[in-house]
Structure formats: structure tokens, C-alpha cells
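Numbering (the UniProt record's numbering), first residue to last: 1 to 466.
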């Protein structure tokens, strides 16, 4: 049961309600699978049971199944509950009795400090679950729809963000570049990718890697997703007129060494971030682009002067997430001669800095049809990143391209391309000459390593180019 509630005003970064999750001993025993959660909800008399108990069971089940989001969707006279696990939505429960949903919705609004009597406007809030000696924040987004209010709850489990650099799945040669760039005292490191591609996890890992008592790290985020010990975090509040550019100006007066800007969305934020990078600060940020090469034209499109980008930029990282094969039920895939030849050719064409010896033993696996009880019968469990890097460090570039420091005659430094407003295609060509392995190439290496499948990599990078 819910033991207590605590409400506070909607200030940036504050939790607006708290619940303490108790025990539902009989029902919670078998909610470690989607089928088990469905059965547990089916055993409840939803018409009469307390809404707090329904919500408690759903939250416990979502956590037990590693869900990142819970969706409550009214459809005609039914209510559908779905969980997003490893990026994929799964149906969990559908019920004809809509009256329980109105009670559940009121409970969610109450906990999130939202207005119960507002049902035709979007509302956002958050609350905290005290679950088995750890606090999990729940971010709530409510929106009106044809059949009633739709609710999405994002579960912000602190364990999900407790990942080190070495656990991100970054290939060792790329990881070495990142570690080198993180040692630099100033400059701009950009991370690009669509929503839900793991950018926040990556940048938080960078912050934790940099954190020491000798330096000051400040962030400005929208919103703060996870609280990081020893790091000052601030949050955008558009209603109060506190946006990324205003926040960044304020942070610059706080004597920081490292700054995280949640996203560069406009010209002013981009220019202030670059100015910070040029005046002795190490700046991390994200930008929406489809590839590492696309990040630079995107900055220019926002109105940032190309003449200043090259001087400030250290590194661009693009990433996507792919589902990992379930180690318990994945099956070996027979590799025909044609595929072997393709893979051997692919390995030969990889940049010199990629350790090809690690991939000599080719073992390709498939997701087991029907999966097993360890992976909710999906064949996949967990996710891993695939990455590509563009480096703007002339001396280090030369070392990567040629260990003897003999610059290639066709070599052209990235800042020259940026200054001339070169298109994405020219920047990508430069990066490939520099030794970049693309996201798709990184994905194929993870396929060869038995981590994921061709289908997963194609889903996020497009048709295989090998």
C-alpha cells in the first residue's frame, strides 16, 4: 500500500509527490514476466479494489520486467496497458471496465501534483517510488485523446544510469579516442542521435568519468532525468523564462570546469556553448542529426558561425541502440560461403585502428523463435549502443591515419571543411579517410561478436552496405 504522500511546489528538479511501495505478497510473486503481470491484473477485482493497489502492482511489474515506460491508452470502451521494454512496446493488459481507469488516473494526478479536474489539456508531473531500498523517479505525461486521457509514465531507475565508460559497448579503439579527448581541459564534445538512442546515458558516463573533487561540473537539462552525486544539476523552466541559452549564461558565472548542456536547439545556445568551449571549459552537449557528419551542417543551419565551430570542436559521437540477443536462448546461425566471403571482405576494409584479430572467429547468432522465460519470449534482452566518431584533433588524427606521423597528401583538417561550410557528404568522406568506422560497421562487428542481429542493425542504420 502507499504509506505516505508529500507534495511540494513545481520547482525545477523537485519531485512533486512521493509514494512508498508496500507488499502485495500474493499477486507480486509471478509478475517477472508479461504473462504473469497480465494474470495478476486479471485476478484483481478492478471495479472495487483500491486504485493505489492497482498502480502499485503495475509499477512493480514494470520494474520487474525492465520497462522504461508504461502506457495507459483508452481505446473506445477499453483500456490498454503497454510496457516499453528494450525500445519495443508490448501489450500487457486490456480491460472492458473503464471505471477503474478514472480512479487510477486521479491517483496518478494526485501523486504527480497535477490538476484532477483538468482533462482537456496536456499536463506533466513526477513522483517517486520507494521500491526495495531504492528510489525510482516516475515522470508523468498526460495528454487528451479521442477516448479520454492518455498517460505515459517514464521510469527513471537510478541503476539504469549507473554505467561506466567501459560498459557502454564502445569499441576499444573508439573508447581510447574518447578517453583521450576527455582528458582535454576545454573544447566541445557533441553527441547526436534521435530521442531514445542513449545519448543521456553516454554523456552521464562522461561526467562520472571526469568527476573529481578538484573540478566543478554543472549541467543544464530539460528535464533532469537522473540525479548525479557530486554534480550540480539545473533544469530548464520555459514557463519561468529559464531556457538553455539563459541557463548557460548563468552557469558561465558559476566558475565551472565542465558544462553539460542538455541540447543545442538554437543559435544562441550554440554560440554560447562554443564560446564556453573556447574560453577554457570542456562542454558536452547533444544535437539532433542523423549521423556524426550531419552534426556540423546542423549547427550551421541553426545559425552558428562556421568560423567558430572548427576552433571549438573536439569530437562528435553519433549513436543508436540495438537490442542484445538473449544469452539464454540465442541460436547459432549457419553461415553460408557467400556470407563468409562478404564478412571477410568487410573486415579487410575496416580502418587500420580497428583490432581485426578480435573478430577472426566469426559466430553469427539468431534470436530464438518464441524466445524463453528469461527474455519474455522475445529472443532479446537488454540493449547495446553502436557508435561512430569524428575527431577534430589534427595531431591525433595523423597518428591514427599513419603511425609514422606521415600525413596523407589528400588529408585536409576538419576545421578547414567546417570553415568552408562543406556539405555532410564531404565531412563524411573526410571522416572515413581519417579512420572512422560507421555506426553500421560497428553494428556488423557486434553481429559477428554474437551480440545482436542483422535485423536489429538494419532497423536503425538502413540496408546493409557490404
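Backbone N, C-alpha and C define an ideal beta-carbon position, used for all residues, glycine too.
Going by C-alpha to C-alpha distance, which of the options sits closest to residue i?
i, options, result
"residue 358", "161, 172, 345, 55", "172"
"residue 450", "72, 431, 145, 323", "323"
"residue 228", "214, 248, 206", "206"
"residue 486", "352, 217, 293, 192", "Beyond the ends of the chain as shown, which are 1 and 466, falls residue 486; an answer cannot be given."
"residue 354", "67, 177, 195", "177"
"residue 238", "454, 223, 70", "223"
"residue 189", "361, 420, 65, 310", "310"
"residue 390", "371, 381, 427", "427"
"residue 290", "429, 417, 317, 166", "317"
"residue 211", "137, 293, 185", "185"
"residue 352", "437, 116, 281, 375", "437"
"residue 226", "200, 360, 363, 81", "200"
"residue 208", "179, 234, 423, 194", "179"
"residue 340", "364, 29, 42", "364"
"residue 39", "54, 418, 313", "54"
"residue 48", "431, 335, 100", "100"
With a cut-off of 8 Å on the beta carbons, I'd call residue i and residue j a contact; round off their distance for me.
i, j, result
"residue 321", "residue 379", "Wrong, their Cβ atoms sit about 16 Å apart, outside the cutoff."
"residue 97", "residue 46", "6 Å"
"residue 92", "residue 37", "6 Å"
"residue 139", "residue 111", "Not quite, the Cβ-Cβ distance comes to about 12 Å (not below 8 Å), so this is no contact."
Please report the residue range of the beta strand (DSSP E) in which residue i lies.
i, result
"residue 145", "134 to 145"
"residue 471", "No information on residue 471 is available, as it lies outside the stretch 1 to 466 that the chain covers here."
"residue 187", "187 to 192"
"residue 391", "380 to 391"
"residue 259", "258 to 261"
"residue 454", "Where residue 454 is concerned, there is no enclosing beta strand (DSSP E), although the alpha helix (DSSP H) it sits in stretches over 454 to 461."
"residue 282", "282 to 287"
"residue 149", "148 to 156"
In chain order, what residues of the same chain lie with their CB nearer than 8 Å to the CB of residue i, ignoring the 5 residues before and after it?
i, result
"residue 457", "322, 386, 440, 443, 444, 446, 447, 464"
"residue 248", "220, 259, 261, 269, 272, 273, 276"
"residue 267", "302, 303, 304"
"residue 254", "216, 218, 232"
"residue 135", "128, 129, 158"
"residue 214", "none"
"residue 144", "119, 120, 121, 122, 150"
Sorted by chain position, which residues of the same chain lie with C-beta nearer than 6 Å to residue i's C-beta, five sequence neighbours on each side aside?
i, result
"residue 141", "124, 152"
"residue 35", "none"
"residue 331", "366, 368"
"residue 23", "A caution first: residue 23 carries a pLDDT of 45, below 50, which makes its placement in the model too unreliable to give a value."
"residue 361", "none"
Quick one: residues in its chain with C-beta nearer than 7 Å to the C-beta of residue i, no 5 flanking neighbours on either side, listed in chain order?
i, result
"residue 21", "At residue 21 the pLDDT is 47, less than 50, meaning the model places this residue with poor confidence and gives no usable figure here."
"residue 105", "149, 151"
"residue 243", "236"
"residue 265", "244"
"residue 421", "300, 306"
"residue 467", "Missing from the structure shown is residue 467; the chain here goes from 1 to 466 and no further."
"residue 382", "86, 324"
"residue 147", "74, 75, 76"
"residue 462", "none"
"residue 198", "319, 321, 385"
"residue 295", "190, 192, 287, 289, 316"
What are the boundary residues of the alpha helix (DSSP H) that residue i is part of?
i, result
"residue 341", "337 to 348"
"residue 418", "414 to 419"
"residue 311", "306 to 312"
"residue 425", "424 to 434"
"residue 298", "295 to 301"
"residue 451", "It is not in any alpha helix (DSSP H) - residue 451 carries neither H nor E in the DSSP assignment."
"residue 63", "51 to 64"
"residue 202", "199 to 210"
"residue 36", "34 to 43"
"residue 174", "172 to 182"
"residue 278", "267 to 278"
(message) For a minimum of 3 consecutive residues, which ranges assigned as the beta strand (DSSP E) are wholly contained in the stretch 69 to 134?
(response) Restricted to the stretch 69 to 134, the beta strand (DSSP E) segments that are unbroken, complete and at least 3 residues in length are 69 to 75, 78 to 85, 88 to 95, 123 to 131, listed in chain order.
(request) Would you mind listing the beta strand (DSSP E) stretches within the stretch 223 to 248 that are 3+ residues and don't spill past its ends, in chain order? (result) Counting whole runs of 3 or more residues, the stretch 223 to 248 contains the beta strand (DSSP E) stretches 232 to 235.
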